[in-house]
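Undergrad: Protein chains in written order, with the UniProt record's numbering: chain A, 1 to 337; chain B, 1 to 337.
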DNA sequence: GACCGCTGTCGAAGCGCTTCGAAAAAGGGT
DNA sequence: ACCCTTTTTCGAAGCGCTTCGACAGCGGTC
C-alpha cells in the first residue's frame, strides 16, 4: 500500500506538503506541486479514506436512506438513488446506502460513528420519527418529501399540491365536469406519506374552485381490482369522463380495463397521469402527464446538502414546480348525447 | 463526541479493555464486561468509523456497483440492492453505492483508498473490463452475473441457460412445436450482457433436442413495435403457439397485442415469462413464469463476500436453479384444425 | 544593511481506535 | 507457603492523514 509518506519521499518533500498539494489549503509553488503530482501518479497513490476521516473529521460520505418496502414508485426511487450517487461523486462525495429497516437507529448510528457527513432521507412521512433525532443531533440532512413540520430541516419535493391542481385544471379546460382519481394503495395513505394526501388536497380544492366533482378511489393489486373500481366509479358517477392516476402501476390496468369496457381514450374519457416521463411515453396510449422529476430531486438534494456542508446558506424548502405535458390520452370532454 | 477513552474512564478500565469488550477478541471477565457495557449505554457511545478503519485496516463497508443505465430490469436491480443492503447489515457491514459511471476507475479508487473491504458488481458483461483490475488487486469481489472467464472471481447468477431450457421444455410438454422468443433490446445483446445470450442458447439447444422450432426477435420500445414484431412472427411462422418473454417491460405490450389480435391466452397461444414474481402475478393474465430471484441473488452475494472476508473457502460460481411456476398463461397447444 | 512582510515548506502533535507483549491477578497443585 | 499455569487487564505503539505554528528564504523599503 502506498502512503502519503511514500509520495513525500519520492518527491523529496515533507508529508505536509503533499497533503497541501492534495487539499489546496495552502499555496504551493508550481514546481513543487508538479513534482508531487508526478510522484502521486507514478506510485498510484490513493489517500486512505479512514485516515483522512479520522484526521479531518470528515468522511466525504453522504448517507442515503431508501425505503425498504417496494409497494410504490420503485423506478422513481431507483432514479433518485442513481441521481444522488452520480451527483454526489461530482462533488467528491460517496454515497452510503441505508434501508429504512433500521429506522431511527440508523440515524443514530451513522451520526454517532461519523460514518457519513450528512444524510438524505426518502419516503418521508408527515410525522416522521427520524426528524426529532435529526434536529437534536444537528446532522446536516435533506429530506426528499415534505413532513408537516419543516423546522430545522431542508426539504426537496415536487409541489404535489400544485400537481393535483394542474391535473384537474387541464381536465376542466377540456370541459370535463366529473373527475375520478385512482389513488395509491390504502397502505400509502395510512402511513401518512405526504405526497399522496397533498396531491389529493390540491386537486380537490382546485376542483371546488372550478366547480368540478371529484371521487377518489385508492387502488392496489391487479386487473380485477381495477375493473371493480371502475364499475363502482361509473355506477356512482356515470358522467365521469376525466381520470387522474397517481400510481404508476395503475396506469396499464386502467387503460386495459377502459379499453375492454369499450371506452375510447381520449374520445370517451381522458386520462392524466402523475408518473415518470418514461412510463408516460411507453404506455399503450401515450399519456398526458405530470412528470415526477426524480433525477432533479436527487440532484437538488445533493446540491443543497453540499451547500450546507460548505457552510453556505441554503433554502429550507425547495418545491419543484410541476409541468404537465399533453400527449394522446386527454382531449375535449364528450358532449352529453 | 464520546470516545472510547471516555467510556474507559467512566467504567474505570483501560481503553484497550473497552476495545476488547467491543470486539470480543480477548476474553473479558463477566463483571468488567457488564460495567463497560453499562458505560457505553450511559454515554451513548458509538465507535468512530474512521479511526476504526485506520487502526484495523477494515472499513466494514461493502461497495455495490449498480448500472447507471435504466434500460432493463430496474425493479430487479432495486430488489438486489435492497437485499444486499439489508443482508450486509446483519453481518455488520454497510453498503457503499457506486454507479457504473466511473467504470473501472471506481474499482481502483475504492480499493486504493480502503473505502470498502470488498465489492459486489452488477450488470456484468461477458468480457467485463473491471475484471482484470479486480484480479490484479486481489480485492475480494462477487459478481452478480457470469463473465466468460470466471478465474479468480466469485459469481452468483440465475442459471440462465437452464432457465431458457426450462421454458421451452414446459412449452414442449404442452405440445407446442413453434416457439417465439421476445428478447431484450438489441443494445443489451450488443453489450454482451451474459444473461441474455445464455438464456437464448439454453433455450435453443433444448429446443433442438426436443425438435421445436425457435424464432428470436429482440424488442424495445412501445406497443407499436410489439405489434410489428408479432405480425412479423406470425407471417414468418404462422404456426407459432408458444411465446417466451425475457423482458419484463415486454410483458404487457405482448399480452395487449395478442388480445387485440384476438388470440386468446392460453387457448390459442401460451406465454412463459422470465420475470420477477410480482410482475408475473400482477400482469393482466397471471403468467406462467420463471422467477428472477433477485433477493436470493443479493443475499447470496453478500453471504459469499462475508465468507471470503472471514477467510472461509467459498464456491467460485453459484448458479441458482430456475423454478418454473405454472399460472394462467400457458396451456395445451391448440390442435391444428 | 537591518528590518519588514511575504510565500513556500517543514516538523510535530494528535485524531480515536486496535493490537501486541507484558504485567498483574487468580487459581491449582504440591 | 511456594511455584506454575491460566485468565484478565493494562500500557504503549502505531495506523495514515490533517493542521498548526514556526522557520527559512526572498525581494522590497527606509
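No residue lacks a Cβ here, since even glycine has one placed at the ideal position from N, Cα and C.
All values derive from a computational prediction rather than experimental measurement.
From residue 338/B to residue 109/B, what does the alpha carbon distance come to, in whole angstroms?
TA: Since the first and last residues shown for chain B are 1 and 337, residue 338/B lies out of range.
Undergrad: Please name the residue or residues paired with residue 270/B in a DSSP beta bridge.
TA: 242/B
Undergrad: Let me know if residue 157/A comes out buried or exposed under the rule of 16 or more other beta-carbons within 10 Å of its beta-carbon.
TA: buried
Undergrad: Taking Cβ-Cβ distances shorter than 8 Å, what residues in chain A pair up with residue 89/B?
TA: 99, 101 and 102
Undergrad: So with CB distances below 7 Å, who are the chain A contacts of residue 46/B?
TA: 109, 112 and 113
Undergrad: CA-CA distance, residue 169/A and residue 317/A?
TA: 25 Å
Undergrad: Between the Cα of residue 145/A and those of 139/A, 127/A and 137/A, spot the shortest distance and give me the residue it belongs to.
TA: 127/A
Undergrad: Does residue 252/A get closer than 8 Å to chain B when you measure Cβ to Cβ?
TA: yes
Undergrad: Can a CB atom of chain B be found closer than 8 Å to the CB of residue 119/A?
TA: Cβ-Cβ to chain B under 8 Å: no for residue 119/A.
Undergrad: If you run the structure through DSSP and keep just helix, strand and coil, what is residue 218/B?
TA: strand
Undergrad: List, in chain order, every chain B residue whose beta-carbon is nearer than 8 Å to that of residue 93/A.
TA: Chain B residues near residue 93/A: none, gap ~11 Å exceeds 8 Å.
Undergrad: With a cut-off of 8 Å, does the C-beta of residue 266/B fall near any C-beta of chain A?
TA: No, no contact with chain A.
Undergrad: Using the beta-carbon count (16 or more within 10 Å), is residue 119/A buried or exposed?
TA: Its Cβ being crowded by 16 or more others within 10 Å, residue 119/A is buried.
Undergrad: Is it the case that the Cβ atoms of residue 279/A and residue 251/A are separated by a distance below 8 Å?
TA: Going by C-beta atoms, residue 279/A is nearer than 8 Å to residue 251/A.
Undergrad: Going by C-alpha distance, which of 211/B, 326/B and 315/B is nearest residue 141/B?
TA: 315/B
Undergrad: Taking only runs of the alpha helix (DSSP H) that begin and end inside the segment 147-200 of chain B, which ones reach a length of at least 4 residues, in chain order?
TA: 160-173 and 186-190
Undergrad: Using a 10 Å radius around the Cβ and a threshold of 16 neighbouring Cβ atoms, would you call residue 226/A buried or exposed?
TA: buried
Undergrad: Is the beta carbon of residue 77/B sitting closer than 8 Å to the one on residue 67/B?
TA: yes
Undergrad: Please list the partners that residue 258/A has in chain B, where partner means a Cβ-to-Cβ separation under 9 Å.
TA: The contact set of residue 258/A on chain B, defined by CB atoms closer than 9 Å, is empty, because the minimum CB distance reaches about 12 Å.
Undergrad: Chain A beta carbons: is any one of them nearer than 8 Å to that of residue 223/B?
TA: yes
Undergrad: Quick one: Cα of residue 205/B to Cα of residue 159/B, how far?
TA: 15 Å
Undergrad: Under a CB-based cut-off of 8 Å, is residue 59/B close to chain A?
TA: yes
Undergrad: Around the Cβ of residue 75/A, are there at least 16 other Cβ atoms within 10 angstroms (buried) or fewer (exposed)?
TA: buried
Undergrad: With which residues is residue 99/B paired in a DSSP beta bridge?
TA: In the DSSP output, where bridge partners are listed per residue, residue 99/B has 66/B.
Undergrad: Using C-beta distances below 6 Å, list every residue in its chain close to residue 414/A, excluding the 5 sequence neighbours before and after it, in chain order.
TA: With chain A covering only 1 through 337, there is no way to say anything about residue 414/A.
Undergrad: Start and end of the beta strand (DSSP E) containing residue 118/A?
TA: 118-121
Undergrad: Taking the CB atoms as reference points, tell me whether residue 175/B and residue 332/B lie closer together than 8 Å.
TA: yes
Undergrad: Count the CB pairs spanning the segment 59-66 of chain A and the segment 86-94 of chain A that are closer than 8 Å, and state whether there are at least three.
TA: yes
Undergrad: Can you list, in chain order, the residues of the segment 269-282 of chain B whose Cβ is nearer than 7 Å to any Cβ on chain A?
TA: 282
Undergrad: Please classify residue 116/B as buried or exposed, where buried requires at least 16 other C-beta atoms within 10 Å of its C-beta.
TA: Buried is the call here.
Undergrad: Determine, using beta carbons only, whether residue 155/B and residue 290/B come nearer to each other than 8 Å.
TA: no
Undergrad: Compare the Cα-Cα distances from residue 92/B to each of 306/B, 80/B and 25/B and report the closest residue.
TA: 306/B
Undergrad: Look at the alpha carbon of residue 51/B and the alpha carbon of residue 320/B, and state the distance between them as a whole number of angstroms.
TA: 39 Å
Undergrad: Within this structure, are the beta carbons of residue 104/A and residue 143/A separated by less than 8 Å?
TA: no
Undergrad: Would you list the residues sitting across from residue 213/A in a DSSP beta bridge?
TA: 178/A
Undergrad: If you reduce the DSSP assignment to three classes, tell me which class residue 3/A lands in.
TA: coil
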